[in-house]
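Novice: Numbering (our numbering), first residue to last: 3 to 115. Before I ask anything, let me first share the structure, which is written out below as structure tokens.
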């Protein structure tokens, strides 16, 4: 059974967490131990703002950058294919909307994740 890719929006400005994320998204993010992120620093800031998140020592953060290579994307998706749920976090806003997260989502669709 494959894992699930969760799209987790990031704050666009210095706004309260509750304005960017639903309660359900916050609760889901607390359970995840692996994230694909556009850039590590804003993703760490978002995760750190979530009260009750896992310790960073237990979290794998994979930085995908702004122009991920197709071969790397497939490599990053291996844990999902093996059943590990993974979060996708952009620098700002919703992942896959005008950012490199769209390439990750496209590859997940192709692989039936």
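Using N, Cα and C, we set each Cβ at its ideal position, and we do this for glycine too.
Where do the N-terminal and C-terminal ends of the beta strand (DSSP E) with residue 77 fall, by residue?
Specialist: From DSSP, residue 77 is part of no beta strand (DSSP E) but of the alpha helix (DSSP H) over 72–78.
Novice: Between the Cα of residue 112 and those of 96, 72, 86, spot the shortest distance and give me the residue it belongs to.
Specialist: Of the listed residues, the one whose Cα sits closest to residue 112 is 72.
Novice: Have a look at residue 3 and residue 19 and give me their C-alpha separation to the nearest angstrom.
Specialist: Near 32 angstroms, if we compare the C-alpha coordinates of residue 19 and residue 3.
Novice: What are the boundary residues of the beta strand (DSSP E) that includes residue 89?
Specialist: Counting along the chain, the beta strand (DSSP E) containing residue 89 begins and ends at 88–91.
Novice: Which residue's Cα is closest to the Cα of residue 13: 110, 80, 49?
Specialist: That would be 49, whose Cα lies nearest to the Cα of residue 13.
Novice: By a C-beta neighbour count over all protein chains shown, 10 Å radius and 16 as the cutoff for buried, is residue 102 buried or exposed?
Specialist: Flag for residue 102 reads buried.
Novice: Measure the CB-CB distance between residue 45 and residue 37 and report whether it falls below 8 angstroms.
Specialist: Yes, they are a contact pair.
Novice: Run the CB neighbour count on residue 35, radius 10 Å, all protein chains shown included, and call it buried at 16 or more, exposed below.
Specialist: It counts as exposed.
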